[in-house]
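Peer 1:
Protein chains in written order, with the UniProt record's numbering: chain A, 1 to 362; chain B, 1 to 362; chain C, 1 to 362; chain D, 1 to 362.
#1: Using alpha carbons as the reference points, say which of 76(B), 69(B), 295(B), 326(B) lies closest to residue 135(B).
#2: So residue 119(C) and residue 170(C) are in contact, right, with Cβ under 8 Å, and what is the actual spacing, rounded?
#3: Determine the contact status of residue 175(C) and residue 65(C), defining contact as a CB-CB distance below 8 Å.
#4: Would you kindly report the start and end of the unbroken alpha helix (DSSP H) that includes residue 115(D)?
#5: Among 336(C), 99(C), 79(C), which residue has its Cα nearest to the Cα of residue 302(D)?
#6: Comparing the C-beta of residue 248(B) with each C-beta of chain A, is any distance below 8 Å?
#7: Per DSSP, residue 8(B) is paired with what?
#8: Could you pull the start and end residues of the alpha helix (DSSP H) that residue 235(D) belongs to?
#9: Of the residues 89(B), 99(B), 96(B), 97(B), which one's Cα is nearest the Cα of residue 97(D)?
#10: Whole angstroms is fine: what's the gap from residue 277(A)'s alpha carbon to residue 92(C)'s?
#11: Determine whether the Cβ of residue 84(B) lies closer than 8 Å to any Cβ atom of chain D.
#12: Just the Cα atoms here: how many angstroms apart are residue 246(A) and residue 254(A)?
#13: Residue 210(C) to residue 13(B), Cα distance in whole Å?
#14: Are the C-beta atoms of residue 343(A) and some chain D residue less than 8 Å apart?
#15: Please name the residues in the stretch 50-77 of chain A whose beta-carbon is closer than 9 Å to at least one beta-carbon of chain D, in chain order.
#16: Which of helix, strand or coil does DSSP assign to residue 334(B)?
#17: Please report the Cβ distance between residue 306(D) and residue 338(C), rounded to the nearest whole angstrom; I am assuming they are in contact, meaning their Cβ atoms lie under 8 Å.
#18: Within 8 Å of any Cβ in chain C, is that where the Cβ of residue 276(B) sits?
#19: Contact criterion: CB-CB distance below 8 Å. Does residue 304(B) meet it with respect to chain D?
#20: Kindly indicate if chain B contains any beta-carbon less than 8 Å away from that of residue 191(A).
#21: Within 8 Å (strictly less), CB to CB, does residue 180(D) reach chain B?
#22: Does residue 360(B) pass the burial test, meaning 16 or more other C-beta atoms within 10 Å, or should it be called exposed?
#23: Listing by chain order, which chain C residues have their CB less than 7 Å from the CB of residue 33(B)?
#24: Can you list, in chain order, the residues of its chain whose CB lies under 6 Å from that of residue 264(C), leaving out five sequence neighbours each side?
#25: Please confirm whether residue 362(A) has its beta-carbon closer than 8 Å to some beta-carbon of chain D.
#26: For residue 269(A), which residues in chain D fall below 7 Å Cβ to Cβ?
#27: For the ligand NAD, is there a heavy atom less than 7 Å away from the beta-carbon of residue 98(C)?
#28: Could you give the distance in angstroms between the alpha-carbon of residue 288(C) and the alpha-carbon of residue 249(B)?
#29: Excluding the 5 residues preceding and the 5 following residue 332(B) in the sequence, name in chain order all residues of the same chain whose CB lies nearer than 8 Å to its CB.
#30: Leaving out the 5 sequence neighbours to the left and right, which residues in its chain are closer than 8 Å to residue 362(B) when beta-carbon positions are compared?
#31: Measure how close the beta-carbons of residue 131(C) and residue 62(C) come, nearest whole angstrom, since I'm counting them as under 8 Å.
#32: Does the Cβ-Cβ distance between residue 73(B) and residue 270(C) come in under 8 Å?
#33: Nearest to residue 334(A) by alpha carbon, out of 344(B), 304(B), 203(B)?
#34: Can you confirm whether the stretch 45-60 of chain B touches the stretch 17-35 of chain D when touching is taken to mean that 3 or more C-beta pairs between the two stretches lie within less than 8 Å?
#35: Could you give the distance in angstroms between the alpha-carbon of residue 30(C) and the alpha-carbon of residue 43(C)?
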């Protein structure tokens with residue numbers, strides 16, 4: 001035990017006087033105590049505590065990537081922290097079931113006292129979105145307005161300052177784009193890859209054309225989708241095409257970052273790619289869990305209010321459903337399967353490359 | 001112990017020779033064994049076993065409602081069975097995480113051997129949807145075609161026969177519509193209710209109009225939504241209006257059934273309404289879990305294939321996302337919060353009514 | 001919307017300044033910030049918030065049972081609240097996985113600053129145990145001492161006062177014991193039951209004696225267990241025998257309460273027993289979840305510390321494992337399966353009884 | 001798409017005729033169909049399917065370790081597979097909740113038809129235990145007898161043959177023991193470590209002695225526990241002492257393996273240790289989940305049968321509780337926290353060592 005440590009007691013350490021004294025029921029204040037308001041408050045306070053923890057982890061990860069160079073040892077802890085983020089997100093998703101033990105009628109018994117409070121006013125949630133990479137330009141129009149109108153001046157400044165800082169998305173994009181491997185290598189991976197994917201796409205087209213189950217309407221739709229996939233592939237091999245697609249919103253990652261990520265995913269079993277692969281997978285999962293949270297949240301609000309307006313004076317579930325898909329951040333990782341080849345179609349890495357991807361020791 | 005019972009052994013009882021001998025890897029057949037194909041098969045087989053169990057429960061519930069009269073004792077077991085359905089659904093939703101331990105690249109190593117198999121060919125899943133109430137007329141157009149084109153003749157006949165039978169939705173609708181209470185009572189609940197809801201709606205409108213946070217665009221949208229809610233309320237009090245809304249697809253339940261359900265939800269603490277309330281809540285939950293399953297399933301397919309076509313020769317995740325919301329069955333229960341009043345705005349039930357809603361014994 | 005309601009804002013409503021300002025890291029105070037201490041604090045604060053919510057629900061349930069008579073309408077809400085308790089418990093159990101994302105080495109980086117804080121000092125957890133029914137006389141010896149030694153004077157007074165009040169266990173016991181049905185009925189259920197269970201027990205004995213798989217040691221053990229089950233059955237039919245078994249700690253429920261609970265479980269499909277059956281099942285589940293929590297908690301502490309002493313200066317996981325089984329409260333409900341008969345061996349209830357168990361209305 | 005691939009249909013591919021035709025209810029055979037027997041069968045069949053998948057993963061991992069040398073690339077896939085095992089185990093644990101939707105009374109309606117079937121007859125579960133490392137010598141006495149008596153000749157031969165093969169425990173032990181690092185290094189880690197742990201232990205002793213909350217009985221117990229921890233530490237530094245402790249059952253890993261594991265855990269952030277650390281953590285988690293499964297399973301059996309004997313003719317839950325703790329396999333990893341030092345007490349690795357632990361590339 002270290003010397004000169006003052007005794008530390010459970011209740012003081014956790015500041016339980018603050019934590020457990022922070023539930024002031026509005027319904028009690030107005031003389032009509034509603035039993036379920038306690039649940040409503042506690043559930044939201046727990047969410048805010050988890051948000052605080054998520055921000056604690058994300059900020060540490062951002063700080064790591066915000067350095068001149070990321071050391072190998074640090075990547076271990078980055079992945080560890082992102083895995084913790086995911087586990088907390090899963091718990092937060094399950095927590096929606098707790099809120100749903102409140103019936104709509106029970107909610108109505110205190111809803112009128114809460115005007116105009118609204119979950120959209122959670123600054124920490126906005127910090128989370130912005131830190132991950134959901135900056136103003138990516139918000140849907142409706143969202144943009146609601147978002148800034150509802151803020152206090154202090155909060156608006158805080159968030160605007162945060163928007164100026166590099167987000168995790170931007171930092172990871174740069175880190176991937178900088179990966180030295182692809183540029184120094186004289187192994188012609190991308191030529192090989194191009195040939196193999198051309199073949200794969202042609203096979204897919206043939207499958208659609210021969211598929212007896214499809215109606216003509218469906219076939220046309222499928223071929224149109226195929227055409228768009230074809231164009232995305234063209235972007236991989238042509239920087240200008242890629243920039244066009246980027247401007248159209250078909251991609252968010254830079255061209256270099258996308259290629260690095262693709263290479264890592266293709267050769268993920270190489271030891272040197274193990275941590276980067278885990279990083280990409282974790283970010284994909286974080287995005288998926290956040291999407292799921294929005295979706296379940298929207299359903300819960302609908303179940304609680306139907307088409308009634310919420311306490312913030314707008315019908316929350318429409319808004320929430322709209323943002324479910326539009327606010328995705330690492331969607332390029334999520335969609336990356338589009339571009340993957342099966343192991344058997346990939347060229348074996350030359351020995352010289354392999355050696356550079358392994359550990360020195362063994 | 002009963003006499004004359006032959007001994008029963010674990011392996012025989014569970015037919016483990018069949019169950020554990022039913023994993024034939026296509027990749028092995030073609031000489032390129034893919035480790036993850038086992039997972040793919042086992043996960044799907046487990047889903048089919050759960051589907052069988054869900055059908056076992058649903059069919060029992062349907063049989064109960066398909067009688068001249070439903071006895072009180074039977075309602076207990078209906079609710080018990082529906083709660084089991086929900087718990088299985090939750091497990092099935094979590095099971096998607098198991099499939100996601102397969103990387104897209106691992107899937108690619110055997111995907112080509114599976115053409116044209118597709119999860120859309122699960123007859124049991126279609127039986128489930130039809131038994132719940134998703135009949136042909138409610139399927140989206142795209143779905144209708146895919147659905148019937150892909151079936152074998154036997155399966156098509158089986159499903160078409162099932163469509164002729166009453167679904168759980170139809171049976172519950174009739175059961176609710178027949179509930180005697182509302183018709184025999186001379187307690188003027190609906191007059192009272194109308195007055196109270198008018199007030200609530202006017203308050204909501206005022207809130208929208210006074211909400212300083214809304215932009216003009218948002219306010220117009222909110223008022224439009226409010227107007228549509230207003231019209232739905234009008235339907236409650238006017239049978240013709242209701243029929244119009246029903247034809248427009250704004251409701252699916254019959255007018256009488258909706259009113260009964262609403263009454264039950266408003267007075268759910270009355271003992272006689274306890275089981276009916278649990279029934280409605282359970283059906284709402286089943287619908288929510290099914291919706292969640294579709295949504296998570298769609299995300300999983302997207303993560304596995306990106307925008308590539310699936311083994312069935314079409315891009316599954318578009319289709320799946322489209323059906324996520326459109327294939328909802330008990331949506332009226334889900335949206336019922338729209339019409340609920342807080343307890344404090346409800347008239348106290350007259351003693352005579354209360355007595356009839358309580359138990360004789362106490 | 002109600003008039004004269006002051007505006008209520010999200011951050012103020014949830015007292016986020018208190019909640020989010022309550023994380024003071026000891027490691028920071030001593031100049032060696034440990035990243036994971038934030039997780040440690042937040043996880044414990046979330047637990048304390050859930051404890052507060054559980055106490056809120058349990059106290060409301062206790063108040064209901066603490067009245068002269070429990071109305072039917074109130075039973076609905078009792079069951080609703082206990083179901084919420086269970087769902088929160090399940091989330092709390094899953095939350096242990098979050099703590100386990102902290103490695104033992106990470107914990108070591110701040111453990112020394114926490115002496116002598118200890119989870120055993122959570123007053124709310126003790127309130128929970130006492131409110132449920134874990135009073136001093138049921139604690140194991142080791143527990144008794146640790147329990148009271150570590151408390152501040154105020155906390156000791158608070159808990160001692162709570163021990164004087166009736167617990168949920170005691171109130172439910174009384175409520176069950178008072179159930180009128182069994183005493184007024186001239187239907188000789190228990191005679192019938194005695195005959196049927198004698199037969200069942202004799203069958204079981206025969207099965208043990210004929211079981212070719214058992215070694216002699218095992219057979220002796222099984223017959224000894226059977227004998228003890230036989231004695232418990234005798235207690236059902238003889239008040240004095242029951243009192244003896246109660247004094248030996250084989251039962252905790254009063255004789256009358258146990259018989260009522262057994263009758264309810266046997267005829268649970270009768271509408272009048274639906275809510276009481278749900279109540280008993282919910283209390284069983286609460287006990288199971290609490291047991292699971294202790295067990296997982298003990299494993300987590302062992303994983304974090306091995307056989308090292310904890311910050312409270314004792315090796316927590318030994319203590320926790322000891323209390324896992326010994327601190328069970330509603331164990332009689334859990335073990336009740338011992339006494340159940342299959343439906344087919346039960347007498348049909350006479351019409352006169354059935355009518356009294358149904359609803360008047362139908 | 002590959003050429004010459006025959007079409008593959010969903011139902012055929014999954015052998016649904018076998019899978020869905022494998023539910024033969026005993027209660028139906030004897031003319032008294034019990035609704036819940038379907039659930040009982042399906043739940044067990046799903047468990048057996050998951051067991052098959054777990055064996056598929058474990059056998060692949062065992063094959064990898066059973067080679068002359070484990071390549072880095074292979075370690076990636078070992079960890080990936082073990083993570084999948086854990087996720088399946090978590091689902092299996094949650095699945096116990098499904099079985100618990102069957103009430104004890106419902107189970108009684110078909111229990112008598114199942115004699116003498118018993119879950120203990122699951123060969124796959126035994127294969128799993130043996131493959132992980134639970135060989136005959138580690139089974140508790142009671143278990144040993146039941147285990148072999150109940151088997152058919154074929155199954156006994158199969159399991160006895162499996163016992164001759166190296167288990168995952170043995171293979172991982174050897175792999176750890178062979179790790180070159182510790183032997184070739186002239187960096188005197190263990191001298192340093194010894195000094196630091198001596199200090200830590202003395203501090204702990206002082207904490208116990210000064211802890212005012214402990215009664216004298218408790219203090220004696222704590223000091224006895226401390227003494228035993230002290231002896232375990234001595235084992236680390238003295239091969240003979242270690243062998244003694246091994247023979248007493250205090251350790252299961254070989255001395256060399258334990259030291260390697262400890263070094264890996266202490267310096268887990270080094271890139272070369274990332275995968276080994278993940279491996280150790282995954283095995284710890286597998287053991288924890290298996291333990292949890294036994295515990296929840298024992299509780300479920302108790303809830304279903306009370307102290308009644310099971311269909312196998314013995315009281316299952318006693319047996320199950322006994323094996324919960326005794327059948328642990330990777331307990332040394334679980335307890336390893338005992339020996340860990342905080343990062344701040346560890347010597348910085350010399351540059352020469354660090355370089356060998358990093359990647360060549362960067």
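In this text, a Cβ means the ideal position worked out from N, Cα and C, and glycines have one as well.
Peer 2: Looking at the coordinates:
#1: Counting from 1 along the second chain, the entry for residue 135(B) is found at position 135. Considering only alpha carbons, the answer is 326(B).
#2: On the third chain, residue 119(C) is found 119 positions in, with the first residue counted as 1. On the third chain, residue 170(C) is found 170 positions in, with the first residue counted as 1. So it is not a contact: roughly 27 Å between Cβ atoms.
#3: On the third chain, position 175 is the one that residue 175(C) refers to. On the third chain, position 65 is the one that residue 65(C) refers to. Yes. Within cutoff.
#4: For this step, residue 115(D) is matched to residue 115 along the fourth chain. Residue 115(D) -> no alpha helix (DSSP H), and no H or E assigned at all.
#5: Here the question's residue 302(D) lines up with position 302 in the fourth chain. For residue 302(D), the closest of 336(C), 99(C), 79(C) by C-alpha to C-alpha distance is 336(C).
#6: Reading the second chain from its first residue, position 248 is the one you call residue 248(B). For residue 248(B), the answer is no, since every Cβ of chain A falls outside 8 Å of its Cβ.
#7: What you label residue 8(B) is simply residue 8 of the second chain in a count that begins at 1. According to DSSP, which records beta bridges pairwise, residue 8(B) is partnered with 116(D).
#8: The residue given as residue 235(D) occupies position 235 in the fourth chain. For residue 235(D), the enclosing alpha helix (DSSP H) begins and ends at 216-237.
#9: On the fourth chain, residue 97(D) is found 97 positions in, with the first residue counted as 1. Per the Cα distances, 89(B).
#10: Here residue 277(A) corresponds to residue number 277 of the first chain, with the count starting at 1. Here residue 92(C) corresponds to residue number 92 of the third chain, with the count starting at 1. If you take the alpha carbons of residue 277(A) and residue 92(C), they lie about 31 Å apart.
#11: Taking the second chain and counting its residues from 1, the one referred to as residue 84(B) is at position 84. Chain D, which has a Cβ nearer than 8 Å to the Cβ of residue 84(B), makes this yes.
#12: Against the first chain, residue 246(A) aligns to sequence position 246. Against the first chain, residue 254(A) aligns to sequence position 254. The C-alpha of residue 254(A) is placed about 8 Å away from the C-alpha of residue 246(A).
#13: Numbered from 1 along the third chain, position 210 holds the residue referred to as residue 210(C). Numbered from 1 along the second chain, position 13 holds the residue referred to as residue 13(B). Whole-angstrom Cα-Cα distance: 21 Å.
#14: Indexing the first chain from 1 puts residue 343(A) at position 343. So no, residue 343(A) is outside the interface.
#15: Flagged, chain order: 69, 71, 72, 73, 74, 75, 76, 77.
#16: Here residue 334(B) is taken as the residue at index 334 of the second chain, counted from 1. In the structure shown, residue 334(B) adopts helical secondary structure according to DSSP, grouped into three states.
#17: The residue labelled residue 306(D) in the question sits at position 306 within the fourth chain. The residue labelled residue 338(C) in the question sits at position 338 within the third chain. Contact flag correct, Cβ pair sits at about 3 Å.
#18: Here residue 276(B) is taken as the residue at index 276 of the second chain, counted from 1. Against chain C, the CB of residue 276(B) has no partner CB under 8 Å away; the residue lies outside that interface.
#19: Locating residue 304(B) in the second chain gives position 304, where the first residue counts as 1. Chain D, which has no Cβ nearer than 8 Å to the Cβ of residue 304(B), makes this no.
#20: Taking the first chain and counting its residues from 1, one reaches residue 191(A) at position 191. Taking Cβ atoms only, chain B never reaches closer than 8 Å to residue 191(A), which makes this a no.
#21: Mapped onto the fourth chain, residue 180(D) falls at position 180. Judged by the 8 Å Cβ criterion, residue 180(D) is not in contact with chain B.
#22: As a working mapping, residue 360(B) is identified with position 360 in the second chain. Residue confidence is low: residue 360(B) scores 44 on pLDDT, short of 50, so the model does not pin down where it sits. No coordinate-derived value is stated.
#23: The residue labelled residue 33(B) in the question sits at position 33 within the second chain. In chain order: nothing, as chain C lies at least about 34 Å away.
#24: Along the third chain, one-based indexing puts residue 264(C) at 264. If the five residues before and after residue 264(C) are omitted, its C-beta is found closer than 6 Å to the C-beta atoms of 273, 276, 277, all from its own chain and listed in chain order.
#25: Residue mapping note: residue 362(A) aligns to position 362 of the first chain, counting from 1. In this predicted model, residue 362(A) has a pLDDT of only 37, less than 50, meaning its place in the structure is not dependable; the value taken from the coordinates is given anyway. Closer than 8 Å to some Cβ of chain D, the Cβ of residue 362(A) qualifies, so yes.
#26: Stepping through the first chain from its first residue, residue 269(A) is reached at position 269. In chain order: 73, 76, 77.
#27: With respect to the ligand NAD, the structure shown offers nothing to examine, as it has no ligands at all.
#28: On the third chain, position 288 is the one that residue 288(C) refers to. On the second chain, position 249 is the one that residue 249(B) refers to. Approximately 46 Å, taken between the alpha carbons.
#29: Working through the second chain from its first residue, we reach residue 332(B) at position 332. Close CB contacts of residue 332(B) within its chain, under the 8 Å cut and outside five residues either way in sequence, are with 251, 252, 253, 258, 261 (chain order).
#30: Here the question's residue 362(B) lines up with position 362 in the second chain. Low per-residue confidence applies at residue 362(B): pLDDT is 37, beneath 50, and the placement is therefore not dependable, though the value from the model is reported in the following sentence. None.
#31: For the purposes of this step, residue 131(C) is taken as residue 131 along the third chain, with counting starting at 1. For the purposes of this step, residue 62(C) is taken as residue 62 along the third chain, with counting starting at 1. In this structure residue 131(C) is in contact with residue 62(C), their Cβ atoms being roughly 6 Å apart against a cut-off of 8 Å.
#32: Working through the second chain from its first residue, we reach residue 73(B) at position 73. Working through the third chain from its first residue, we reach residue 270(C) at position 270. Cβ distance < 8 Å, so residue 73(B) and residue 270(C) count as in contact.
#33: Mapped onto the first chain, residue 334(A) falls at position 334. The closest CA to that of residue 334(A), considering only 344(B), 304(B), 203(B), is found on 304(B).
#34: A contact exists between the stretch 17-35 of chain D and the stretch 45-60 of chain B.
#35: By one-based count along the third chain, residue 30(C) stands at place 30. By one-based count along the third chain, residue 43(C) stands at place 43. Straight-line Cα distance between these residues: approximately 21 Å.
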